[in-house]
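When the letters of the sequence shown are read in order and numbered with the numbering used here, they come out as residues 546 to 1063.
Structure, as structure tokens:
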Amino acid sequence: MDITLNKDIREHYPVCRRAIGPELWDRTVLTFKGAPGMLPDWLARNPDSFPSYAQELSRLEFNYRALEEPPGEFSRDSMTLNPSLRALELGWKGLCAFFGNDATPSPMEGQEIVLLWRSQGQSYLRPATSNDLLAMKAVAEGLYPIEVAREGGVQPSAVLDILDRAAQDGILIKPRTLIVRSADFPVGEGVDKEYLSADFFTLQWHITHACDLHCRHCYDRSRRDSPEYETALKVLDDLEGFCSSQKVRGQITFTGGHPLLYPRFNDIYREAAQRGFNVAIAGNPDSRQRIEDLLDIVRPSFYQVSLEGLEEHNDHIRGEGHYQRVKGFLDILGELGIYSMVMLTLTDRNMPEVIPLAEQLRGRTDSFNFNRLCTFGEGANLGLPDKEDYRAFLEEYLEARKHNPVMGIKDNLLNIILEGKGALFGGCTGHGCGAAFNFVSLLPDGEVHACRKFPSLIGNIHEGTLADIYDSALADKYRAGPSECISCRIRPVCGGCQAVVSGSGLESSTNRDPFCFI
């Protein structure tokens, strides 16, 4: 008897040994004389001695043990199948449960495709879903996601979501995003380097300045002509080309003014969806029928509205009746299954109302966040809180957030507190200050700004492509952020707020956020 061979079999099939039973399995090892890969066929020739599923389970386990780590370098041009990926067609269902923590797996006869792959040092297996098979087919056959969506009668963004999910799981390998921080960008110990690159790029498109409100803190009431429909289509084409070249997904957040007042909004919304962009809306409350019309096209990723405090203060800022109108609109969004967000512009006047407002929004919205006031336009007539008062407020907000699930986190400075708790988050844009990095703002007349909250012009989309604007020296200046933050250990998830810096009379490319307390 070859003791070494028996040891190989015993070590190669621990799942089978546990499933069949150690005593019976060890007797099997004593009589089996082949190499590990021959065991499934041997079990098939001796069906009466073992559970009916034993041969298929051993075949599954042998392939699982044989997985090899795929090479580290892949094409930068397109998504590919993980080279280690295997698809086994089995005659039994539920065999994957033997590899998990299920104490009593219950396999049953029936056809099942099981996927096996290796990614980032670990081996995985699971029954293939219809989405997995669609993703594999699309990539293996080089199908364009929009064509797949058209054939399947679904939105392109749904197909792209399926591909992204498969890539996150490791079944597919995505090309590396080219939206990456510069090599000299600071990153401290404990800050995940994932924050240095972005898989999504957002165009915050102020498609119209038409608005049914006149808020006391509006940062731009200037007259800017909305784009003609054909011009807007060219913007979509430009963005599509930019995202493709940068190897990222695209999102458009339609805003304004009130974006739904754009004369052909539904048409441009549909065109954006058909190009595979995730679409979202940041606007004002509207009618139920208006929102249902949008749902007939595609469900937005979110719909964001604004409140500036409790009813009296909010209506002083945004107009009489606005508070109740927003509450009713949030109920409509909830009934229609649309993810709702509420944003507050924080000032010295409404800071004490933030947490009480969050309580009133509990169960009524999906997410509530705040941004500090930027003192531009009519916002220059309002004020910001004292620095120390603001720091105390952030501490209080984080404590209240533990007990209210709608309270989100957005202000980059929260990371100064959260660092000590080992709970850093992505900051304002998921990458700290993302101005001209993973988003830009497009105004109705074609001006492109690094951030809409302050004057940060980096080009005009009617005079150059988005790629040209993104690669410009002006954009790079805003991307780099304040030089005073260059050695900050949490820079990838912070960078303060350049709009607050500029609104305070400081230089956004030099001075750090005046509220920074690091």
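Beta carbons: idealized from backbone N, C-alpha and C, even for Gly.
{"Query": "Contacting residues, own chain, Cβ-Cβ under 6 Å from M546 (five flanking each side not counted)", "Result": "Because the pLDDT at M546 is just 33, under 50, the model does not fix this residue reliably, and the value given afterwards should be weighed accordingly. Within the same chain, M546 has no close Cβ partners at all."}
{"Query": "Which residues DSSP lists as bridging K638, in chain order", "Result": "M653"}
{"Query": "Pick from F810, W570 and S885 that is closest to Y848, judged by C-alpha positions", "Result": "S885"}
{"Query": "Proximity winner among K682, E785 and H754, relative to D770 (alpha-carbon distances)", "Result": "H754"}
{"Query": "Which listed residue (C1061, I962 and A981) has its alpha carbon closest to that of K932", "Result": "C1061"}
{"Query": "I718 (DSSP reduced to helix, strand or coil)", "Result": "strand"}
{"Query": "Among T674, S664, A648 and V659, the one whose alpha carbon lies nearest that of P628", "Result": "S664"}
{"Query": "Same chain, Cβ closer than 6 Å to K792, five either side skipped, listed in chain order", "Result": "P720, T722 and L723"}
{"Query": "Coil, strand or helix - A694 by DSSP", "Result": "helix"}
{"Query": "Spatial distance of A632 from R604 (CA atoms)", "Result": "12 Å"}
{"Query": "Sufficient close CB pairs (3 or more, under 8 Å) joining the segment 736-756 to the segment 786-802", "Result": "yes"}
{"Query": "Proximity to A648 [Cα-Cα], best of A564, A925 and F730", "Result": "A564"}
{"Query": "Beta-bridge pairing of E733 - partner residues as DSSP gives them", "Result": "Note that residue 733 is Gly in the sequence shown here, rather than Glu. Paired residues: none, contrary to the question."}
{"Query": "Cβ-based burial, K998 [other Cβ within 10 Å; buried from 16]", "Result": "buried"}
{"Query": "Buried versus exposed call for S1001 [16 or more other C-beta atoms within 10 Å across all chains shown]", "Result": "buried"}
{"Query": "Continuous beta strand (DSSP E) stretch holding M888: start and end", "Result": "S885 to L891"}
{"Query": "Cα-Cα separation, L943 to I962", "Result": "9 Å"}
{"Query": "DSSP three-state assignment for V871, whether helix, strand or coil", "Result": "helix"}
{"Query": "Euclidean distance between Cα positions of P701 and D593", "Result": "51 Å"}
{"Query": "Where V1046 falls: helix, strand or coil (DSSP)", "Result": "helix"}
{"Query": "DSSP state of F810 mapped onto helix, strand, coil", "Result": "helix"}
{"Query": "P559, enclosing alpha helix (DSSP H) - first and last residue", "Result": "P559 to I565"}
{"Query": "Boundaries (first-last residue) of the beta strand (DSSP E) holding E773", "Result": "Counting along the chain, E773 falls outside any beta strand (DSSP E), and DSSP gives it neither H nor E."}
{"Query": "Straight-line gap, E904 to E857 (C-alpha atoms, nearest Å)", "Result": "16 Å"}
{"Query": "Exposed unless 16 or more other CB atoms sit within 10 angstroms - verdict on N591", "Result": "exposed"}
{"Query": "Residue closest to E1029, alpha-carbon to alpha-carbon, out of E739, S1053, G882 and D737", "Result": "S1053"}
{"Query": "Proximity below 8 Å, CB of W662 to CB of L630", "Result": "yes"}
{"Query": "Cβ neighbour criterion (16 or more within 10 Å) applied to V725", "Result": "exposed"}
{"Query": "Distance, Q713 Cα to Q869 Cα", "Result": "41 Å"}
{"Query": "DSSP-derived helix/strand/coil call for E1052", "Result": "coil"}
{"Query": "Contact belief for R671 with L660 at Cβ below 8 Å, rounded distance in angstroms", "Result": "6 Å"}
{"Query": "Residues bridged to Q796 (per DSSP)", "Result": "T747 and N823"}
{"Query": "Extent of the continuous beta strand (DSSP E) run through F915", "Result": "S912 to R917"}
{"Query": "Distance between L575 and F745 (C-alpha atoms, nearest Å)", "Result": "56 Å"}
{"Query": "Meets three-Cβ-pair contact criterion under 8 Å: the segment 1004-1012 and the segment 1033-1043", "Result": "no"}
{"Query": "Uninterrupted alpha helix (DSSP H) stretches inside the segment 936-1006 (no shorter than 4 residues)", "Result": "959-964"}
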